Amino acid sequence: MSTKTLSNGKTVDIYPLTQAQRFMYFVCNNFGKNSPVLNIGSGYYWKDDFRTDLLREALYEAMDRCDTIRLRFTIEVIDDHPQLFQYLADESEIEVEEFDFSDIPEEESFAIMKGWTKEIIDMIEKPINTVRIIHLPDGKNGMYLKFHHLAFDGYAAKVFIADVMGIYLSKKCGMPYPKPMKSYLEAMQEEFAYLDSEDRKRDRAYWMKTFSSDSEPIFNDYLLDNRLDKQRIENNNPDQRYITLFEGEHPESATLHYDMSAEDTEDILKLCADNGLSVPCVLMLGLRTALSAFNHDQSDVSIKFMINRRGTLLQKKSGGNRWHFYTLRTDISRDRTFREALSIVEDVQSSVFKHCNFDTLEMYHIKHMAMKTGDITHTYDSMTFSYHAPIPVPYESEAIRATTEGIWYNNDFSAQNLYLTVKHRANDNGLEFIFEYRTHENPKADLEVLYPKMITAIKEGVKNPDITIGEILDIIKL
1 MSTKTLSNGK
11 TVDIYPLTQA
21 QRFMYFVCNN
31 FGKNSPVLNI
41 GSGYYWKDDF
51 RTDLLREALY
61 EAMDRCDTIR
71 LRFTIEVIDD
81 HPQLFQYLAD
91 ESEIEVEEFD
101 FSDIPEEESF
111 AIMKGWTKEI
121 IDMIEKPINT
131 VRIIHLPDGK
141 NGMYLKFHHL
151 AFDGYAAKVF
161 IADVMGIYLS
171 KKCGMPYPKP
181 MKSYLEAMQE
191 EFAYLDSEDR
201 KRDRAYWMKT
211 FSSDSEPIFN
221 DYLLDNRLDK
231 QRIENNNPDQ
241 RYITLFEGEH
251 PESATLHYDM
261 SAEDTEDILK
271 LCADNGLSVP
281 CVLMLGLRTA
291 LSAFNHDQSD
301 VSIKFMINRR
311 GTLLQKKSGG
321 NRWHFYTLRT
331 DISRDRTFRE
341 ALSIVEDVQS
351 SVFKHCNFDT
361 LEMYHIKHMA
371 MKTGDITHTY
381 DSMTFSYHAP
391 IPVPYESEAI
401 RATTEGIWYN
411 NDFSAQNLYL
421 TVKHRANDNG
431 LEFIFEYRTH
441 ENPKADLEVL
451 YPKMITAIKE
461 GVKNPDITIG
471 EILDIIKL
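When we follow the numbering used here, the leftmost residue of the sequence shown carries the number 1, and every step to the right adds one.
This is how it looks when you write it as structure tokens:
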């Protein structure tokens with residue numbers, strides 16, 4: 001920690017970025033510069049005898065309780081190099097504006113709020129978050145939130161929404177007032193302490209050993225016109241196992257959104273509860289089986305796995321960004337049953353979880369140096385997966401909960417070629433599958449083939465856990 005006098009004359013304590021922030025900032029500068037890749041736009045709406053005054057009070061109180069609403073950034077020149085630092089302002093300095101879209105079609109209001117989400121945030125010594133009250137047609141009301149990814153990740157955003165709703169309902173109908181949030185500065189200091197800890201040395205040794213002793217991974221494409229097959233021919237190298245891909249250009253993106261029924265979702269949840277498994281393992285097994293089908297039934301499949309490290313109450317309720325990206329590689333033969341394959345995925349996930357405090361940037365540096373390519377443009381992981389576990393948001397009644405809608409306003413720019421987010425719907429807990437893909441060289445038609453194959457693989461396995469992976473591959477073959 002050091003101090004700096006800001007342009008407004010105020011002197012503040014400034015801190016370097018945490019590991020997760022450094023990775024996000026690196027990604028922004030290298031794979032989406034001058035685009036809003038770090039903007040998160042979301043909405044939360046419901047139908048009740050709405051009290052605008054109480055929601056406004058709740059929003060201001062929730063902002064006062066959330067440190068990262070007050071998070072700011074500044075540039076400091078160190079050894080002739082400008083570097084980004086963070087600090088906390090004394091106040092949020094955010095005015096909660098109100099917008100009435102009740103007289104226009106909902107698709108028009110969606111387009112307006114999506115436009116807000118795409119606006120570049122001026123992040124130097126200014127508020128970086130936006131909070132607004134929204135009125136929609138058909139009696140729906142709620143809030144629009146625009147957060148900066150260095151201050152909030154998806155988990156932190158949902159915790160903020162839950163806090164707002166807890167305060168709102170305590171004012172409206174006497175529900176218990178929510179417990180306080182936790183200190184972002186305290187959580188940040190934990191992050192910095194890890195850098196000089198024995199845990200970090202242990203985690204680094206794990207990743208060094210993993211990448212040095214494991215065989216070389218192999219790229220599994222999600223495109224029907226397989227890029228590895230093409231590059232093997234172009235390079236006259238039938239044994240090539242990576243593709244050359246520079247993701248720094250063409251960040252323009254679009255999304256494909258699919259819903260799984262609440263009943264099918266409940267089948268997955270029951271399988272996991274009965275067998276002591278985690279939900280992302282079922283989803284990742286379906287995804288890796290679909291990728292296998294796209295790649296000549298390849299048994300060795302790697303994806304990027306996005307992990308939100310929040311194991312303690314301090315980590316869960318302090319806001320901030322804790323997303324880290326890790327390689328999750330599984331080798332599952334055709335004769336394995338779905339049940340056995342789930343155990344393999346679970347074991348690999350558990351191994352990664354034990355070492356997921358490690359700096360993503362350093363981990364990828366180790367990986368590329370350990371592999372014979374040694375080049376960051378040489379890619380083994382074709383896509384990224386993340387699962388957002390449900391966070392309880394209080395509601396006044398089941399009838400009102402059934403009207404609840406959580407919306408993600410995509411900013412139409414992405415730092416990754418393909419990113420699958422799976423989360424639960426607010427109204428019935430069913431799963432949503434959101435594929436965000438760069439439109440350049442990513443045909444939408446190919447992605448529309450990937451999802452149904454992934455879901456078929458999941459449903460076949462959940463229905464009959466003793467079915468073999470080979471039998472599933474025969475069902476979903478191209």
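Virtual Cβ for every residue (Gly too), placed ideally from N, Cα, C. Keep in mind it's a predicted model, so treat the numbers as computed, not measured.
**Request:** For the beta strand (DSSP E) containing His135, list its first residue and its last residue.
**Result:** Here the question's residue 135 lines up with position 135 in the sequence shown. Thr130 to His135 is the extent of the beta strand (DSSP E) around His135.
**Request:** Work out the CA separation of Met123 and Glu340 for me, nearest whole Å.
**Result:** Residue mapping note: residue 340 aligns to position 340 of the sequence shown, counting from 1. Residue mapping note: residue 123 aligns to position 123 of the sequence shown, counting from 1. Rounded to the nearest angstrom, the gap between the Cα atoms of Glu340 and Met123 is 48 Å.
**Request:** Assess, as a yes-or-no matter, whether the region 424-435 is touched by the region 252-261 under the definition of 3 or more beta carbon pairs within less than 8 Å.
**Result:** Three or more pairs of CB atoms, one per stretch, sit closer than 8 Å, so the region 252-261 contacts the region 424-435.
**Message:** Using only the alpha-carbon positions, how far apart do Ile475 and Ile243 sit?
**Reply:** Numbered from its first residue, the sequence shown carries residue 475 at position 475. Numbered from its first residue, the sequence shown carries residue 243 at position 243. Their Cα atoms are separated by approximately 28 Å.
**Message:** Helix, strand or coil, according to DSSP, for Ala89 in the structure here?
**Reply:** Here residue 89 refers to the residue found at position 89 when the sequence shown is read from its first residue. Per DSSP, reduced to three states, the secondary structure at Ala89 is coil, with no helix or strand assignment.
**Prompt:** Any idea what DSSP makes of Ser414, helix, strand or coil?
**Reply:** Position 414 of the sequence shown, counted from the first residue, corresponds to residue 414. Here DSSP, grouped into helix, strand and coil, assigns Ser414 to coil.
**Message:** By DSSP's criteria, His388 is part of a beta bridge. Which residues make up the other side?
**Reply:** Working through the sequence shown from its first residue, we reach residue 388 at position 388. Answer by DSSP bridge pairing, in chain order: Lys423.
**C-alpha gap between Leu328 and Leu283, whole angstroms** = The residue labelled residue 328 in the question sits at position 328 within the sequence shown. The residue labelled residue 283 in the question sits at position 283 within the sequence shown. Spanning the two alpha carbons is a distance of roughly 13 Å.
**Cβ pair count under 8 Å reaching 3, the region 360-374 against the region 391-403** = With contact defined as three or more Cβ pairs closer than 8 Å, the region 360-374 and the region 391-403 are not in contact.
**Request:** Could you tell me if Val77 is buried or exposed, where buried requires 16 or more neighbouring beta carbons within 10 angstroms of its beta carbon?
**Result:** Position 77 of the sequence shown, counting from 1, holds the residue named residue 77. By the neighbour-count rule (16 or more Cβ atoms within 10 Å), Val77 is not buried but exposed.
**Message:** Need the endpoints of the beta strand (DSSP E) that Asp300 sits in, please.
**Reply:** As a first step, residue 300 is located in the sequence shown; it is residue number 300 there, counting from the start. Asp300 to Asn308 is the span of the beta strand (DSSP E), which, as asked, contains Asp300.
**Message:** Whole angstroms are fine: how far does the CA of Glu398 sit from the CA of Cys66?
**Reply:** In the sequence shown, counting from the first residue as 1, residue 66 sits at position 66. In the sequence shown, counting from the first residue as 1, residue 398 sits at position 398. Cα to Cα, the separation comes out at about 28 Å.
**Asked** Since Tyr15 is in the beta strand (DSSP E), which residue starts that stretch and which ends it?
**Response** The residue given as residue 15 occupies position 15 in the sequence shown. DSSP places Tyr15 inside the beta strand (DSSP E), whose first and last residues are Thr11 to Pro16.
**Message:** Alpha carbons only, please: which of Asn226, Ile14 and Asp138 is nearest the one belonging to Gln83?
**Reply:** Locating residue 83 in the sequence shown gives position 83, counting from the first residue. Measuring from the Cα of Gln83, the nearest candidate turns out to be Ile14.
**Prompt:** Whose CA, out of Asn410, Asn30 and Lys270, lies closest to the CA of Ala111?
**Reply:** What you label residue 111 is simply residue 111 of the sequence shown in a count that begins at 1. Checked all of Asn410, Asn30 and Lys270; the closest Cα to Ala111 is Asn410.
**Item:** Given Met143 as reference, the closest of Gly320, Lys270 and Thr130 once Cα atoms are compared
**Value:** By one-based count along the sequence shown, residue 143 stands at place 143. Taking only the C-alpha atoms, the option nearest Met143 is Thr130.
**Message:** Using a Cβ-Cβ cutoff of less than 6 Å, which residues in the same chain neighbour Glu436 once the five nearest sequence positions on both sides are dropped?
**Reply:** Translated into the one-based positions of the sequence shown, residue 436 becomes position 436. Hits under 6 Å: Ser253, Thr255, Ser414 and Tyr419.
**Message:** If you follow the alpha helix (DSSP H) that Lys477 is in, where does it begin and where does it stop?
**Reply:** The residue given as residue 477 occupies position 477 in the sequence shown. Per DSSP, Lys477 belongs to no alpha helix (DSSP H) and is neither H nor E.
**Message:** Helix, strand or coil, according to DSSP, for Val348 in the structure here?
**Reply:** By 1-based counting over the sequence shown, the position of residue 348 is 348. Here Val348 sits in helix by DSSP.
**Stretch pair the region 315-335 + the region 146-160: three plus CB contacts closer than 8 Å** = Because the criterion of three Cβ pairs below 8 Å is met, the region 315-335 and the region 146-160 touch.
**Message:** Bridge partners for Ser253 per DSSP, in chain order?
**Reply:** Working through the sequence shown from its first residue, we reach residue 253 at position 253. Under the DSSP definition of a beta bridge, Ser253 partners with Arg438.
**Reduced DSSP category for Val27 - H, G, I as helix; E, B as strand; rest coil** = Taking the first residue of the sequence shown as position 1, residue 27 is located at position 27. In this structure, Val27 counts as helix in the three-state DSSP scheme.
**Message:** Which residue wins for smallest C-alpha separation from Glu93, given the options Glu108, Asn226 and Arg70?
**Reply:** Residue 93 sits at position 93 when you count from the first residue of the sequence shown. When Glu108, Asn226 and Arg70 are compared, the shortest CA-CA separation from Glu93 is found for Arg70.
**Item:** Contact set for Asn308: own chain, Cβ-Cβ below 7 Å, skip 5 residues either direction
**Value:** Residue 308 sits at position 308 when you count from the first residue of the sequence shown. Asp153, Tyr155, Arg322 and Trp323, listed in sequence order.
**Message:** One question on the structure: do Ser102 and His135 come within less than 7 Å of each other, judged by their Cβ atoms?
**Reply:** Start at 1 with the first residue of the sequence shown, and residue 102 comes out as number 102. Start at 1 with the first residue of the sequence shown, and residue 135 comes out as number 135. Yes, the pair counts as a contact, with Cβ atoms nearer than the cut-off.
**Request:** Specify the secondary structure class of Pro127 as computed by DSSP and reduced to three states.
**Result:** Locating residue 127 in the sequence shown gives position 127, where the first residue counts as 1. Residue state, collapsed to three classes: coil.
**Prompt:** Just curious, the beta strand (DSSP E) that Phe99 is in, first and last residue?
**Reply:** Residue mapping note: residue 99 aligns to position 99 of the sequence shown, counting from 1. Unbroken beta strand (DSSP E) run through Phe99: Glu97 to Asp100.
**Asked** Count the other CB atoms within 10 Å of the CB of Lys230; is the residue buried (16 or more) or exposed (fewer)?
**Response** Within the sequence shown, the letter at position 230 stands for residue 230. Lys230 is classed as exposed because its beta carbon has fewer than 16 other beta carbons within 10 Å across all chains shown.
**Message:** So, with DSSP's three-state summary, where would you put Arg72?
**Reply:** The residue given as residue 72 occupies position 72 in the sequence shown. If DSSP states are grouped into helix, strand and coil, Arg72 belongs with the strands.
**Sequence-distant residues of the same chain with beta carbon closer than 6 Å to Leu482, five excluded per side** = Outside the displayed span of the chain (1 to 478) sits residue 482, for which this structure offers no information.
**Item:** Cβ-based neighbour list, Met165, same chain, cut-off 6 Å, excluding 5 preceding and 5 following
**Value:** Indexing the sequence shown from 1 puts residue 165 at position 165. The residues are Val393 and Pro394.
**Prompt:** Quick one: what does DSSP say His355 is sitting in, helix, strand or coil?
**Reply:** In the sequence shown, the residue the question calls residue 355 occupies position 355. If DSSP states are grouped into helix, strand and coil, His355 belongs with coil.
**Message:** Suppose you measure from the CA of Lys477 to the CA of Ser350; what does that come to, to the nearest Å?
**Reply:** Looking up residue 477 in the sequence shown gives position 477. Looking up residue 350 in the sequence shown gives position 350. Roughly 30 Å between the two C-alpha positions.
**Request:** Report yes if the CB atom of Tyr206 is closer than 7 Å to the CB atom of Leu54, and no otherwise.
**Result:** Reading the sequence shown from its first residue, position 206 is the one you call residue 206. Reading the sequence shown from its first residue, position 54 is the one you call residue 54. Taking 7 Å as the Cβ cut-off, Tyr206 and Leu54 do not qualify as a contacting pair.
**Request:** List the endpoints of the continuous alpha helix (DSSP H) containing Leu313.
**Result:** Taking the first residue of the sequence shown as 1, we reach residue 313 at position 313. Run containing Leu313: Leu313 to Lys316, per the alpha helix (DSSP H) assignment.
**Asked** If you drop the 5 nearest sequence neighbours on each side, which residues of the same chain put their C-beta closer than 7 Å to that of Asp199?
**Response** Looking up residue 199 in the sequence shown gives position 199. Here the set comprises Asn357.
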